[in-house]
Amino acid sequence: MTTPQRRNILVLSTTSTGGKTTVALGLLKLFANAGRKVAFFKPVDQRQSFPSDRKADRDKLISASVIDELSSIRPPRSLTMAETQDYFGSGRGDYFAEKIAEIYQEIPDEVDLVVVEGMQYDDTASALAFEVNTRLAHTLTAEVILVVDMHKRTASAIPDTEAFIASYAEEGIQVAGIILNKAPTDDEGRPVVPQLVQEALDSHQIELFGVVPFVQKISAPRLRDLIEPLDATVVRGEELLMRRVLRPMVLAMHPENALEHLQTGDLIITPGDRSDILMLAHLVEQAVDLPNLAGVVLTVDYPPHESIMHLIDSQTEGELPILLVATDTYDTSRLIQSKRVYIEEDDWEKIRWTVELIEENLDRKALLDSLDIPPPDVVSPAIFRFTLMQRAKEAQKRIVLPEGAEPRTLQAAAIILERGIAELVLIGDRGEIQEEARRVNARIEEAEIIDPNDSPLMDDFVHELVELRKHKGMTEETARDWLQDNVYFGTMMLHRGMVDGLVSGAIHTTANTIRPAFQIIKTKTGVDLVSSVFFMLMADRVWVFGDCAIVPDPTAEQLAQIAVQAYHTSHAFGINPKVAMISYSTGSSGEGAEVEKVRQATELARQLLPDAPIDGPLQFDAAAIPDVAAKKAPDSPVAGQANVFIFPDLNTGNTTYKAVQRSGDYLSVGPVLQGLKRPVNDLSRGALVDDIVYTIAVTAVQAAQEQEALE
């Protein structure tokens, strides 16, 4: 499992017209030109949200054309809107995040920067977009760059942006910087930042990464782009439909008065029976010193009279494009004005204009300086879960579940089997297991079911258990009695190598789960302590808590061993460990037997791992929160950035993990046991189905690691 060191930049917009797609492409170009190995990622394809405006065609350019010019890395696939809506509509946001993490792995390892296009806000999906973008930011541990549309909305842009920033801040997501798009310009066409906007940026201490001016030609559609929204018929000029419409111009005045109002790029809109305006347009088309028009739209379904067209053809050369529509002049003008302008798949001219304009107006130094800040050294929960499940799936280990008839265990087993994560053995009464599986709708046909009371293994296990424990006075009668306990039976299967790992504890105490392992499996060579850790899957990172389940009151020597074990466990699961030895005092600020124990344990752990970042005693806030660390432990290599927390005793550890888990509604995986020869993992009796799923996966990965160590 590899901790991602690349930087991910999530591009979001406060409105549906912000231009985040083109800004994302401009960023891609800037970073590529700066020598970065850059990739583009569009997690959600929103094409079906815009069925009438050629959005489907527009998105093709992202994956098929521009990216090829800007990056040698092909973008990974996207989820559809239907898939995305299904995830969130059924309350499976975590699974959406896992799927995104899975797709993200398609990006080659050599990429050091990924520009991620977030989901677009619109009238139909604003709440969903917020949920999706929040998940993306946390899943990819991405920095957010916000695109603010400034075109004709200087006043509204400020409250919209402030509301956006505040709503994401509540989810623990900070905006790294803002790009103002389609900003007003001065007399020389240079973009300007309105004073109100600058004051708002200063008040929030948000960096301005660029100001892109509004350029009319980039917002201008081509004639061909208007055919569908106007339901227009092309009367003539089929080969000239690539002309760009800079301004729709309604003409109902006399030609001599209309002439002085015409400009280059005008699309004349006039009733179809105004032959005089149509003739004027063709004469203007021929004049060298008059504006170059985009074309003519004839309204109210009045086609030009044949005699007029014959006269025009006899007096002029070339063709001016003419469209015919059924709507009246007012409605036609309104439709053109309201049309959203997207980059169409074949509009290469606009594509290049836009990307170049944006790149030219980004603050290159500010962006590249920002990139030089080391990325947060964290693994997001979604990437942790996905990578964990992927490694377990690759390992294909055989895991035994002694609590075979327990409802949550059966539901978790069904998920594991459906996703091909591991092979499973369920222990218990066959009829009871099958009946309970039907009741909770868990498909477990692929699992092996073993009933100890009806198994040919029982006599063999009894004899072997007597041999293993004869120095303790074990008798055949006692051994048979022990093996009536499914956990003992499953542990014997693990001892014999018939399975690769064991998970229990949903209805058994921790002691019931680990006692058989202590008696039969025993500890690794050179290890005299079994401890545990929990993987705490927070909103945007994974923390490791230990020991929260096994050792009630460790000595300083045992606490040091727990820290060393937790360090190795964290590293094995893709977390770059920074170990904080937790106490009620930081550094030398307090005294007492408990503080002294933690101080001694820290020194011992440092001796055992001289190159590892380990520090203590640290209070929890000093270990976890940078601002507190700066005051309480400014010279600590761990304070403020710890991700492995070693608690001084079981009372503190168990209380803290449950408080964090339940108050924040976070997923915890574990307790993951450390120090045994073979992987045995305990569950909390309050475990959720997902807790069990991921604990099974952890057990499978541990089994694979044990096998690799022996090879």
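Numbering (the working numbering), first residue to last: 3 to 713.
Positions of the beta carbon are idealized from the N, C-alpha and C atoms, including for glycine.
Inter-residue spacing [alpha-carbon to alpha-carbon] between D61 and D47: Residue 61 sits at position 59 when you count from the first residue of the sequence shown. Residue 47 sits at position 45 when you count from the first residue of the sequence shown. Low per-residue confidence applies at D61: pLDDT is 44, beneath 50, and the placement is therefore not dependable enough to give any value.
Return the Cβ separation of A439 and L419 in integer angstroms, given the expectation that the two are a contact with Cβ distance under 8 angstroms. Your numbering for residue 439 matches position 437 in the sequence shown. Your numbering for residue 419 matches position 417 in the sequence shown. Not a contact, Cβ separation roughly 11 angstroms.
Express the C-alpha separation of S686 and S506 in angstroms, rounding to a whole number. Counting from one through the sequence shown, the residue named residue 506 turns up at place 504. Counting from one through the sequence shown, the residue named residue 686 turns up at place 684. About 9 angstroms.
Per DSSP, Q413 is paired with what? Counting from 1 along the sequence shown, the entry for residue 413 is found at position 411. In DSSP, Q413 forms no bridge with anything.
Nearest-angstrom Cα distance between L678 and Q107? The sequence position of residue 678 within the sequence shown is 676, counting from 1. The sequence position of residue 107 within the sequence shown is 105, counting from 1. Rounded to whole angstroms, L678 to Q107 spans 32 angstroms at the Cα level.
Sequence-distant residues of the same chain with beta carbon closer than 7 angstroms to A131, five excluded per side: By one-based count along the sequence shown, residue 131 stands at place 129. The residues are M121, Q122, Y123.
Touching by the beta-carbon criterion (3+ pairs, under 8 angstroms), the region 426 to 437 and the region 385 to 399: no
Is it right to say D684 is buried, meaning 16 or more other beta carbons lie within 10 angstroms of its own, or is it exposed? For the purposes of this step, residue 684 is identified with residue 682 of the sequence shown, where counting begins at 1. With 16 or more Cβ atoms within 10 Å of its Cβ, D684 is classed as buried.
Report yes if the C-beta distance between A178 and S372 is below 8 angstroms; otherwise report no. Taking the first residue of the sequence shown as 1, we reach residue 178 at position 176. Taking the first residue of the sequence shown as 1, we reach residue 372 at position 370. Yes, they are a contact pair.
Let me know the secondary structure DSSP gives T697 once reduced to three states. Within the sequence shown, residue 697 is the residue found at index 695, counting from 1. If DSSP states are grouped into helix, strand and coil, T697 belongs with the helices.
From N653 to V566, what distance separates their C-alpha atoms? Here residue 653 corresponds to residue number 651 of the sequence shown, with the count starting at 1. Here residue 566 corresponds to residue number 564 of the sequence shown, with the count starting at 1. Whole-angstrom Cα-Cα distance: 20 angstroms.
Between which two residues does the alpha helix (DSSP H) carrying E230 extend? Position 228 of the sequence shown holds residue 230. Note, E230: alpha helix (DSSP H), 225 to 232.
Does L14 come out as helix, strand or coil in the three-state DSSP assignment? As a position in the sequence shown, residue 14 is number 12, starting the count at 1. Residue state, collapsed to three classes: strand.
So is C550 in contact with chain C if we call contact Cβ pairs under 8 angstroms? Of the protein chains in this structure there is only one, and it is not chain C.
Rounded to the nearest angstrom, how far is the Cβ of L32 from that of L364, given a contact under 8 angstroms? Here residue 32 refers to the residue found at position 30 of the sequence shown. Here residue 364 refers to the residue found at position 362 of the sequence shown. Yes, they are in contact, since the Cβ atoms of L32 and L364 sit about 6 angstroms apart, within 8 angstroms.
Using 8 angstroms as the Cβ pair cut-off and three pairs as the minimum, do the region 603 to 614 and the region 551 to 561 touch? yes
With respect to 7 angstroms, is the separation between the Cβ of E448 and the closest non-hydrogen atom of the ligand MN below this value? The ligand MN is not among the ligands present in this structure, which contains no ligands whatsoever.
Where in the region 528 to 612 do unbroken runs of the alpha helix (DSSP H), each at least 4 residues long, occur, reported from the N-terminal end onward? 558 to 574, 595 to 610
Nearest candidate by alpha-carbon position, reference G174, set D542, A574, G589, I271: As a first step, residue 174 must be located in the sequence shown, where it is residue number 172. Among D542, A574, G589, I271, the Cα nearest to that of G174 is on D542.
Compare the beta carbon distance of H206 and I167 with 8 angstroms and say whether it is the shorter of the two. The count along the sequence shown starts at 1 and reaches residue 206 at position 204. The count along the sequence shown starts at 1 and reaches residue 167 at position 165. It is a contact, given that the beta carbons lie within the stated cut-off.
In terms of residues, what are the limits of the beta strand (DSSP E) holding Q676? Counting from one through the sequence shown, the residue named residue 676 turns up at place 674. Q676 -> beta strand (DSSP E) spans 669 to 676.
Taking the alpha carbon of R366 as the reference point, which residue from M495, D162, R38, E710 has its own alpha carbon closest? Taking the sequence shown and counting its residues from 1, one reaches residue 366 at position 364. Taking only the C-alpha atoms, the option nearest R366 is R38.
How far does the beta strand (DSSP E) with I429 in it reach, from first residue to last? Along the sequence shown, one-based indexing puts residue 429 at 427. Start and end: 425 to 429.
CB-CB under 8 angstroms to V213, same chain, minus the five flanking residues each way: which ones, in chain order? Mapped onto the sequence shown, residue 213 falls at position 211. I181, L182, A185, P193, V194, V195, N363.
Going by Cα to Cα distance, which pick from S457, I75, Y170, L539 is closest to E112? Against the sequence shown, residue 112 aligns to sequence position 110. Among S457, I75, Y170, L539, the Cα nearest to that of E112 belongs to I75.
Within 10 angstroms of the Cβ of Q563, are there 16 or more other Cβ atoms? Answer buried if so, exposed if not. On the sequence shown, residue 563 is found 561 positions in, with the first residue counted as 1. The residue is buried, with at least 16 neighbouring Cβ atoms inside 10 Å.
Indicate whether A36 and L322 have their beta-carbon atoms separated by less than 8 angstroms. Along the sequence shown, read from residue 1 onward, the residue named residue 36 stands at position 34. Along the sequence shown, read from residue 1 onward, the residue named residue 322 stands at position 320. Against a cut-off of 8 angstroms, the Cβ pair of L322 and A36 comes out as no contact.
On the CB-based measure, 16 or more other CB atoms within 10 Å of its CB, does E287 come out buried or exposed? For the purposes of this step, residue 287 is identified with residue 285 of the sequence shown, where counting begins at 1. With 16 or more other Cβ atoms within 10 Å, it is buried.
Would the region 579 to 590 and the region 636 to 651 be scored as touching if the rule is three or more Cβ pairs under 8 angstroms? yes
First and last residue of the uninterrupted beta strand (DSSP E) at R238: Counting from 1 along the sequence shown, the entry for residue 238 is found at position 236. Taken as a continuous stretch (DSSP letters only), the beta strand (DSSP E) holding R238 covers 235 to 238.
Counted within 10 angstroms of its Cβ, other Cβ atoms place N294 as buried (16 or more) or exposed: By 1-based counting over the sequence shown, the position of residue 294 is 292. Exposed, since its Cβ has fewer than 16 Cβ neighbours within 10 Å.
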